[in-house]
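Report on the following structure.
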Amino acid sequence: MFGVSTQALFGQLLLGLINGSFYALLSLGLAVIFGMLNIINFAHGALYMMGAFCAYFLLQWAGVGYWGALVLAPLIIGLVGVLIERTMLQWLTGLDHLYGLLLTFGLALIFQGLFQNYFGSSGLPYAIPPQLTGGQNLGFMFLPNYRAWVVVFSLAVCLVTWFVIERTKLGAYLRAATENPTLVRAMGVNVPRMITLTYGAGVALAALAGVLAAPINQVRPLMGADLIIVVFAVVVIGGMGSIMGSIVTGFALGLVEGLTKVFYPEASNTVIFVIMTIVLLIKPAGLFGRAA
Amino acid sequence: MKHRLIASIAALALAAAAPALAQDKTVKIGNLNDMSSLYADLGGPGSTLAAQMAVEDSGLTAKGWKIEVVGADHQNKPDVASNIARQWYDVDNVDVIIDTPNSGVALAVAAVTKDKNRVFINSGAASSDLTGKACTPNTVHWTYDTYTLANTTGKAVVKAGGDSWFFITADYAFGHALERDTEAVITANGGKVLGKVRHPLNTSDFSSFLLQAQSSKAKIVGLANAGGDTTNSIKQASEFGLASGGQKLAALLLFISDVHALGLNVAQGLTFTESFYWDMNEQTRAFSDRFSKRMKNGAKPTMVQAGAYAGVLHYLKALEALGGNPHDGAKVVAKMKEIPTDDPLFGKGEIRVDGRKIHPVYLFEVKKPSESKGPWDYYKLIATVPANEAFRPLAQSECPLVKK
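Protein chains in written order, with the numbering used here: chain D, 52 to 343; chain R, 178 to 581.
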């Protein structure tokens, strides 16, 4: 097909799916935060980067390996998120979106600047955990074990998050609190605490993606800045705040990008934005969004 | 009272201006660099420091010269860089722009510099076009270029049996030039290129390109990219088992900052070309020691930063020989070409009529973790290419300054 063998194409699709799982995890965190708090969290990329750095520090300074970091780094960075929400974001409730966007954007620049100042821009090495080195020869491609793990694990995390928000009582509270916080408070639910924890959870998702990415890419201060714009495009295409939308579009756009890398690699950085433009023209609320 | 004040101010101003007319000894050096992205560690703020050290080591300040070093971030965008260069030349009275990695940016700055008749001492950009068809009487290209990389690494790899290649190329002026120059060397030595793929600058995931390289069945996967793009390619190539499939990587451009970032476990065994390594001799070690003490992360200088140091040192030497700063770029560069170069980092050499600085280059191999005595002890010297063979012969030059 178009001079590319079906086998090669299949390999590229699989790779697209793997990259898509990062988009899905990150856009999921953004969607949770936007859907529940109405905050456009521009610090998401920086927090993702901090997740990766946290894994590196845990290994270097505390001897905690990959598996420990997978649990601890999201917790630690999640706490940072809680702190950010308590000290800064909570004062922006009820104000225009723009304030939250500017605040988080500023925070992202500060975090990235600090890390860059101390660790340079080329980044630090982080090895693949020994249990997941090597790979499988699938006949049409060589699939590193670690990439297989990433796609399975992030899919599981995405589905669990979706389930918690859309299918459990806790999720129902959350959704109700975004619709009408006063009424939910009257029912005896501590809404501010719930919002803080939700922001923390969204941030933890970003940090988790950071830990997953650490062995694949260099742990670099700008690893999030490079990714965040694409992820925002994913969220916009999926529909701001839609949980399932962000998961499905995350994976789908990974596939599209993968295909672009085969047929016209020069455009692989731009294809997602082209799609975003088209979607916005045809369906301004995004593929899965409800028109406001 | 008021009149007296004005009169004395005027007198002071005249007094200050008078020697400037006779013999201007003020110089402003601008380090136009990638300060925050994928090339910031190989050039970046480290090049500003290198220039600063060159100013200190020149001893000119003690002789009454006023030399200032400034820096700016070009964000790897030629248009941003051209704007800064114009602002520097027109408003801020910058005399010389140094370093400037990213060939796309460098070619733009070279054109502005010629336009404004200032000086451009490039260290970080690779494109051999800077001293080829895009050469100007105002450009000096110090450290290395794509011709050298191709001719050294490329030739060595083909001679060692790596005769079929697949290129993973950064999609801009630098990548294209490196791919072009290397391909010429490969075919001239009896090898062939089976395929190539071009990726956008600053890509984080290379798996798709590596898969294409794997299915090409080429013996050598040539990386015609730099900085963060190269480290990500190398790291992911090891993840995708390129080596176990019998393919070898050829990193056509690799810096010590990249090797440090990758770690020896991943980087070991790579062969590549550089014109400077901190652990070459007493003088390079002494400089690098002083340098890394002043770097925030304690990094040793890359060849790009070393080139920024040596270039500024030679530039100041030329100014001193001229007896002052004539603020005439072509005149200063002519003087730089006239005086033979001699500095502690690159040794003795010369700047050719096309602007190409000539010195030996080295083929290095990255040490195994067991061979390294500690951080930054990374390279083994494989071969030295003498100065007269390392760079493109003038006879092959497309530079209009070369009379044939």
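Ideal placement from N, C-alpha and C gives every residue a C-beta, glycine not left out.
As the structure is a prediction and not an experimental result, all values here were calculated from the model.
Residues bridged to residue i by DSSP?
{"i": "residue 203 of chain R", "result": "R:243"}
{"i": "residue 118 of chain D", "result": "Beta-bridge pairing links residue 118 of chain D to no other residue."}
{"i": "residue 170 of chain D", "result": "Answer is none; residue 170 of chain D lacks a bridge partner."}
{"i": "residue 451 of chain R", "result": "R:539"}
{"i": "residue 248 of chain R", "result": "R:208"}
{"i": "residue 294 of chain D", "result": "Its beta-bridge partners do not exist; DSSP assigns none."}
{"i": "residue 276 of chain R", "result": "R:209 and R:299"}
{"i": "residue 193 of chain D", "result": "D:188"}
{"i": "residue 175 of chain D", "result": "D:270"}
In three-state terms, what does DSSP make of residue i?
{"i": "residue 578 of chain R", "result": "coil"}
{"i": "residue 376 of chain R", "result": "strand"}
{"i": "residue 516 of chain R", "result": "coil"}
{"i": "residue 219 of chain R", "result": "coil"}
{"i": "residue 473 of chain R", "result": "coil"}
{"i": "residue 494 of chain R", "result": "helix"}
{"i": "residue 548 of chain R", "result": "coil"}
{"i": "residue 183 of chain D", "result": "helix"}
{"i": "residue 328 of chain R", "result": "helix"}
{"i": "residue 359 of chain R", "result": "helix"}
{"i": "residue 533 of chain R", "result": "strand"}
{"i": "residue 267 of chain D", "result": "coil"}
{"i": "residue 110 of chain D", "result": "helix"}
Suppose you measure from the CA of residue i to the CA of residue j; what does that come to, to the nearest Å?
{"i": "residue 351 of chain R", "j": "residue 202 of chain R", "result": "36 Å"}
{"i": "residue 288 of chain R", "j": "residue 294 of chain R", "result": "10 Å"}
{"i": "residue 197 of chain R", "j": "residue 242 of chain R", "result": "For residue 197 of chain R, the predicted structure reports a pLDDT of 45, less than 50, and the residue's modelled location is therefore unreliable. The matter cannot be settled from this model."}
{"i": "residue 115 of chain D", "j": "residue 272 of chain D", "result": "21 Å"}
{"i": "residue 526 of chain R", "j": "residue 561 of chain R", "result": "15 Å"}
{"i": "residue 68 of chain D", "j": "residue 305 of chain D", "result": "6 Å"}
{"i": "residue 319 of chain D", "j": "residue 544 of chain R", "result": "35 Å"}
{"i": "residue 315 of chain R", "j": "residue 477 of chain R", "result": "30 Å"}
{"i": "residue 182 of chain D", "j": "residue 201 of chain D", "result": "13 Å"}
{"i": "residue 497 of chain R", "j": "residue 508 of chain R", "result": "13 Å"}
{"i": "residue 63 of chain D", "j": "residue 302 of chain D", "result": "13 Å"}
{"i": "residue 141 of chain D", "j": "residue 326 of chain D", "result": "34 Å"}
{"i": "residue 417 of chain R", "j": "residue 287 of chain D", "result": "32 Å"}
{"i": "residue 262 of chain D", "j": "residue 209 of chain D", "result": "16 Å"}
{"i": "residue 149 of chain D", "j": "residue 143 of chain D", "result": "10 Å"}
{"i": "residue 495 of chain R", "j": "residue 208 of chain R", "result": "19 Å"}
{"i": "residue 162 of chain D", "j": "residue 81 of chain D", "result": "18 Å"}
{"i": "residue 341 of chain R", "j": "residue 425 of chain R", "result": "11 Å"}
{"i": "residue 258 of chain D", "j": "residue 77 of chain D", "result": "9 Å"}
{"i": "residue 167 of chain D", "j": "residue 96 of chain D", "result": "14 Å"}
{"i": "residue 546 of chain R", "j": "residue 438 of chain R", "result": "14 Å"}
{"i": "residue 368 of chain R", "j": "residue 335 of chain R", "result": "7 Å"}
{"i": "residue 301 of chain R", "j": "residue 220 of chain R", "result": "7 Å"}
{"i": "residue 3 of chain D", "j": "residue 280 of chain R", "result": "The structure shown does not extend to residue 3 of chain D, since chain D is modelled only from 52 through 343, so no value can be given for it."}
On the DSSP letters alone, give me the boundaries of the beta strand (DSSP E) that residue i sits inside.
{"i": "residue 426 of chain R", "result": "425-428"}
{"i": "residue 339 of chain D", "result": "Taken as a continuous stretch (DSSP letters only), residue 339 of chain D belongs to no beta strand (DSSP E), as it is neither H nor E."}
{"i": "residue 383 of chain R", "result": "Taken as a continuous stretch (DSSP letters only), residue 383 of chain R belongs to no beta strand (DSSP E), as it is neither H nor E."}
{"i": "residue 238 of chain R", "result": "First-last for residue 238 of chain R: undefined, no H or E at that position."}
{"i": "residue 399 of chain R", "result": "397-401"}
{"i": "residue 527 of chain R", "result": "524-528"}
{"i": "residue 243 of chain D", "result": "From DSSP, residue 243 of chain D is part of no beta strand (DSSP E) but of the alpha helix (DSSP H) over 242-264."}
{"i": "residue 539 of chain R", "result": "538-543"}
{"i": "residue 269 of chain R", "result": "It is not in any beta strand (DSSP E) - residue 269 of chain R carries neither H nor E in the DSSP assignment."}
Could you give the residue range of the alpha helix (DSSP H) that holds residue i?
{"i": "residue 314 of chain R", "result": "Residue 314 of chain R -> no alpha helix (DSSP H), and no H or E assigned at all."}
{"i": "residue 342 of chain R", "result": "Taken as a continuous stretch (DSSP letters only), residue 342 of chain R belongs to no alpha helix (DSSP H), being part of the beta strand (DSSP E) at 341-347."}
{"i": "residue 556 of chain R", "result": "Not the alpha helix (DSSP H): residue 556 of chain R falls in the beta strand (DSSP E), residues 556-562."}
{"i": "residue 141 of chain D", "result": "Where residue 141 of chain D is concerned, there is no enclosing alpha helix (DSSP H), given that its DSSP letter is neither H nor E."}
{"i": "residue 74 of chain D", "result": "57-88"}
{"i": "residue 408 of chain R", "result": "405-416"}
{"i": "residue 217 of chain D", "result": "196-218"}
{"i": "residue 91 of chain D", "result": "That residue, residue 91 of chain D, is in no alpha helix (DSSP H); it is neither H nor E in DSSP."}
{"i": "residue 328 of chain D", "result": "322-333"}
Check the C-beta distance from residue i over to residue j and give it rounded, since I have them as a contact under 8 Å.
{"i": "residue 564 of chain R", "j": "residue 537 of chain R", "result": "5 Å"}
{"i": "residue 152 of chain D", "j": "residue 309 of chain D", "result": "Actually they do not touch by this definition, with Cβ atoms about 30 Å apart."}
{"i": "residue 362 of chain R", "j": "residue 344 of chain R", "result": "That belief does not hold up - the Cβ atoms of residue 362 of chain R and residue 344 of chain R are roughly 13 Å apart, past 8 Å."}
{"i": "residue 248 of chain R", "j": "residue 277 of chain R", "result": "That belief does not hold up - the Cβ atoms of residue 248 of chain R and residue 277 of chain R are roughly 11 Å apart, past 8 Å."}
{"i": "residue 530 of chain R", "j": "residue 578 of chain R", "result": "6 Å"}
{"i": "residue 338 of chain D", "j": "residue 300 of chain D", "result": "6 Å"}
{"i": "residue 173 of chain D", "j": "residue 408 of chain R", "result": "6 Å"}
{"i": "residue 273 of chain R", "j": "residue 296 of chain R", "result": "4 Å"}
| Listed from N- to C-terminal order along the chain, which residues in the region 230-242 of chain D have their beta-carbon within a distance smaller than 7 Å of any beta-carbon of chain B? | In the structure shown, chain B cannot be found, because the protein chains are D and R.
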